[in-house]
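Chains as they are written, first to last, in the numbering used here: chain A, 89 to 196; chain B, 0 to 201.
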């Protein structure tokens, strides 16, 4: 059995599927850019943009980086990094805003 | 199993205490740590982007249509990268080289766009030391650009290795470089949304 057959037998996608994922990514990017210009969506814009970015992130990680098909431990390693980064951001945010917000300039 | 089949079987899965490829494990641990690296810069940018004490504000300098095209280019480079991996897994080194070169070319287009963008920002009066917005913007996007540049060098090295027959069949090396490249792409997905598309308070 060739490696290509071995991988496809274990659920690895075909080039056609990769192209399909890329088309979805391109469409999502077009949607992101378009809605960023729509003033009536201003109140929910941040949430919609974050959700779209999350979907794009997930598509690349799952399909192109093969996290969908690989051993779960690789996903855990990656998610640990993301969660720690979010925790750091939370701590920094809490610290700054409990001390009156970020300083206006590096020297100030 | 023939000698040829043995050569293309995924490497070292059965020779480690975890039963997993140690190099791949190390790569994912590295990418996890890179999340922290970029997470810190993104956090800093979010905290300081409204702290404009001098010079232009974010919406004065950003050119969303231009950056959207750059983002699209980088996104499509992920497709060419995964097609390169797919080609080498089908034992087609010629196709792999074509897709690797396409990925490197798209990366170079992205970097050229970033150089143009930085130059135009400097022309409009936004320097590294103009404001905390400028500092955090240039450090974040500059480090991302440096990562893309390293990725391009790795891609071109792979093409050279393949030409001289130094790349093993069903190459794990291509997969590892691919993981790095896709990571650089997903970091840009976040930067594009958080830095460029989400409006600042100004």
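By construction, the Cβ of each residue, glycine as well, lies at the ideal position given by its N, Cα and C atoms.
Check each residue of the region 137-160 of chain B: if its Cβ is closer than 7 Å to any Cβ of chain A, include it; give the result in chain order.
Hits within the stretch: zero.
Suppose the cutoff is 6 Å on Cβ atoms and the five residues either side in sequence are ignored; what does the same chain contact list for residue 166(B) look like?
Here residue 166(B) refers to the residue found at position 167 when the second chain is read from its first residue. Listed in chain order, the non-local C-beta contacts of residue 166(B) below 6 Å within the same chain comprise 160, local neighbours out to five positions each way being set aside.
Could you pull out every residue in the same chain whose Cβ sits closer than 6 Å to the Cβ of residue 139(A), ignoring the five residues on either side in sequence?
The count along the first chain starts at 1 and reaches residue 139(A) at position 51. The same chain holds no residue with a CB closer than 6 Å to that of residue 139(A) once the five nearest residues on each side in sequence are set aside.
Would residue 75(B) count as contacting chain A if we go by Cβ distances under 8 Å?
Here residue 75(B) is taken as the residue at index 76 of the second chain, counted from 1. At a cut-off of 8 Å between beta carbons, residue 75(B) contacts chain A.
Of the listed residues 198(B), 185(B) and 104(B), nearest to residue 153(A) (C-alpha basis):
Walking along the first chain from the start, residue 153(A) turns up at place 65. Checked all of 198(B), 185(B) and 104(B); the closest Cα to residue 153(A) is 185(B).
Determine, for residue 136(A), whether the minimum Cβ-Cβ distance to residues of chain D falls below 8 Å.
In summary, chain D is missing from the structure at hand, where the protein chains are A and B.
List the residues of chain B whose Cβ lies closer than 9 Å to the Cβ of residue 161(A), in chain order.
Within the first chain, numbered from 1, the residue matching residue 161(A) stands at position 73. In chain order, 17, 19, 24 and 27 make up the part of chain B whose C-beta sits under 9 Å from the C-beta of residue 161(A).
Contact set for residue 102(B): own chain, Cβ-Cβ below 6 Å, skip 5 residues either direction
Walking along the second chain from the start, residue 102(B) turns up at place 103. Residues 76, 79, 80 and 154 of the same chain have their beta carbon placed closer than 6 Å to that of residue 102(B), with the five preceding and five following residues left out of the count.
Establish whether the CB of residue 183(A) and some CB of chain B are separated by less than 8 Å.
Looking up residue 183(A) in the first chain gives position 95. Chain B, which has no Cβ nearer than 8 Å to the Cβ of residue 183(A), makes this no.
Should residue 92(B) be flagged as near chain A, meaning a C-beta pair shorter than 8 Å?
Taking the second chain and counting its residues from 1, one reaches residue 92(B) at position 93. Chain A contact via Cβ: absent.
Applying a beta-carbon distance threshold of less than 7 Å, which residues of chain A neighbour residue 120(B)?
Reading the second chain from its first residue, position 121 is the one you call residue 120(B). Per Cβ cutoff of 7 Å: no residues; residue 120(B) is ~18 Å from chain A at best.
Which residues bound the alpha helix (DSSP H) around residue 216(B)?
Beyond the ends of chain B as shown, which are 0 and 201, falls residue 216(B); an answer cannot be given.
Under 8 Å between C-beta atoms of residue 83(B) and residue 99(B):
Locating residue 83(B) in the second chain gives position 84, counting from the first residue. Locating residue 99(B) in the second chain gives position 100, counting from the first residue. Remark: C-beta atoms of residue 83(B) and residue 99(B) approach each other more closely than 8 Å.
Which residues in the same chain as residue 192(A) place their Cβ atom closer than 8 Å to its Cβ, once the five residues preceding and following it in sequence are excluded?
Start at 1 with the first residue of the first chain, and residue 192(A) comes out as number 104. Annotation note: pLDDT 48 at residue 192(A) (below 50); position unreliable, coordinate value reported separately. Here the set comprises nothing.
With a threshold of 7 Å on Cβ separation, who are the neighbours of residue 138(B) within its own chain once the five nearest residues in sequence on each side are excluded?
Residue 138(B) sits at position 139 when you count from the first residue of the second chain. These residues qualify, in order along the chain: 40.
So, does the CB of residue 181(B) fall closer than 8 Å to a CB anywhere in chain A?
Indexing the second chain from 1 puts residue 181(B) at position 182. Cβ-Cβ to chain A under 8 Å: yes for residue 181(B).
Could you tell me the distance, in whole angstroms, from the CA atom of residue 187(B) to the CA atom of residue 149(B)?
Walking along the second chain from the start, residue 187(B) turns up at place 188. Walking along the second chain from the start, residue 149(B) turns up at place 150. Cα to Cα, the separation comes out at about 15 Å.
Three-state secondary structure (DSSP) of residue 155(A):
What you label residue 155(A) is simply residue 67 of the first chain in a count that begins at 1. Three-state DSSP puts residue 155(A) in coil, outside helix and strand.
Mind checking the region 183-201 of chain B against chain A and listing, in chain order, the residues whose C-beta falls within less than 9 Å of any C-beta there?
Taking 9 Å as the Cβ-Cβ cut-off against chain A, the residues of the region 183-201 of chain B that qualify are 184, 185, 188, 189, 191, 192, 193, 195, 196, 197 and 198.
Hey, is residue 116(B)'s beta-carbon within less than 8 Å of any beta-carbon in chain A?
In the second chain, residue 116(B) corresponds to position 117, counting from 1. Output row for residue 116(B): interface = no.
Using 8 Å as the limit for Cβ to Cβ distance, is residue 71(B) near chain A?
The residue labelled residue 71(B) in the question sits at position 72 within the second chain. Residue 71(B) counts as touching chain A.
Under the assumption that residue 191(B) contacts residue 70(B) (Cβ atoms under 8 Å), give the Cβ distance between them as a whole number of angstroms.
Stepping through the second chain from its first residue, residue 191(B) is reached at position 192. Stepping through the second chain from its first residue, residue 70(B) is reached at position 71. Indeed, because the Cβ distance is near 5 Å, the residues count as touching under 8 Å.
Is it the case that the Cβ atoms of residue 134(B) and residue 52(B) are separated by a distance below 8 Å?
Position 135 of the second chain, counting from 1, holds the residue named residue 134(B). Position 53 of the second chain, counting from 1, holds the residue named residue 52(B). Contact flag unset, no.
Using CA atoms only, rank isn't needed, just tell me which of 178(B), 108(B), 91(B) and 63(B) is closest to residue 120(A).
Taking the first residue of the first chain as 1, we reach residue 120(A) at position 32. Minimum Cα distance to residue 120(A) is reached at 63(B).
How many angstroms separate the CA atom of residue 132(B) from the CA atom of residue 113(B)?
The sequence position of residue 132(B) within the second chain is 133, counting from 1. The sequence position of residue 113(B) within the second chain is 114, counting from 1. Distance between residue 132(B) and residue 113(B), taken at the CA atoms: about 17 Å.
Candidates 60(B), 59(B), 86(B) and 175(B), of which the one nearest residue 106(A) by Cα:
Locating residue 106(A) in the first chain gives position 18, counting from the first residue. Ranking the options by Cα distance to residue 106(A), first place goes to 86(B).
Using a Cβ-Cβ distance cut-off of 8 Å, determine whether residue 78(B) contacts chain A.
Within the second chain, the letter at position 79 stands for residue 78(B). For residue 78(B), a Cβ of chain A is located within less than 8 Å of the residue's own Cβ.
Quick check on residue 36(B): does DSSP put it in helix, strand or coil?
The sequence position of residue 36(B) within the second chain is 37, counting from 1. Note: residue 36(B) maps to helix in three-state DSSP.
On the three-pair Cβ rule with 8 Å, is the region 176-191 of chain A touching the region 29-44 of chain B?
Counting C-beta pairs closer than 8 Å gives three or more between the region 176-191 of chain A and the region 29-44 of chain B, which meets the contact rule.
Only counting the same chain, and skipping five residues up and downstream in sequence, which positions put a Cβ closer than 7 Å to that of residue 147(A)?
Locating residue 147(A) in the first chain gives position 59, where the first residue counts as 1. For residue 147(A), where only same-chain residues beyond five positions count, the Cβ hits under 7 Å are 109, 112 and 113.
Distance, residue 26(B) Cα to residue 6(B) Cα:
Position 7 of the second chain, counted from the start, is the residue given in the question as residue 6(B). Position 27 of the second chain, counted from the start, is the residue given in the question as residue 26(B). Because residue 6(B) sits at a pLDDT of 37, beneath the cut-off of 50, its placement in the model cannot be relied upon, and the following sentence gives the value as read from the coordinates. If you draw a straight line from the Cα of residue 6(B) to the Cα of residue 26(B), it is about 22 Å long.
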